[in-house]
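K.L.:
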Amino acid sequence: TRKKIIEKLGEESYAILADESSDISHKEQLTLRSRYVDKLGRPCERHFGVIPIDDTRSLSLKEAIEALLSHCLTMAQIRGKVVKENTDCVTFFDQISLLPN
């Protein structure tokens, strides 16, 4: 569960993996996974959630990620990111640093 992931992460850094796609009914959604190293030094990857989104603009994706992470995690803890090789997603992480927090 998210609560267990948050407990394991604590104050540690983590990476996010974000993938935007449409479901079978053509509704846009964003899948978010976290990747971190546990206290024993083992790499872990956990599914964090699927968020329905209205569009794939950088600001919309940033807001969706912030909303999902607002349950005790911060964007400041993120130390890496992996995106599906897609022009929108690649430019998303290039542009996200330009948006005010």
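Under the working numbering, think of the first position of the sequence shown as -17, with each following residue one higher.
Where a beta carbon is used, it is the ideal one built from N, C-alpha and C, also for glycine.
Since we're looking at a predicted model, the values are computed, not measured.
For L51, count neighbouring C-beta atoms within 10 Å of its own C-beta (all shown protein chains included) and say buried if the count is 16 or more, exposed if not.
P.N.:
Looking up residue 51 in the sequence shown gives position 69. Buried: at least 16 other Cβ atoms inside 10 Å.
K.L.:
What residue range is occupied by the uninterrupted beta strand (DSSP E) comprising S3?
P.N.:
Position 21 of the sequence shown holds residue 3. S3 -> beta strand (DSSP E) spans -4 to 4.
K.L.:
My output table needs one value for L14: the three-state DSSP class, helix, strand or coil.
P.N.:
Taking the sequence shown and counting its residues from 1, the one referred to as residue 14 is at position 32. If DSSP states are grouped into helix, strand and coil, L14 belongs with the strands.
K.L.:
Is the Cβ-Cβ distance between R15 and H29 less than 7 Å?
P.N.:
Position 33 of the sequence shown holds residue 15. Position 47 of the sequence shown holds residue 29. Contact: yes.
K.L.:
I'd like the list of long-range same chain contacts for V19, defined as Cβ closer than 6 Å, with 5 residues on each side in sequence excluded.
P.N.:
As a working note, residue 19 is residue 37 in the sequence shown. Contacts found: P25.
K.L.:
Do we get a CB-CB distance below 7 Å when we pair Q11 with the residues of chain C?
P.N.:
Here there is only one protein chain, and chain C is not present.
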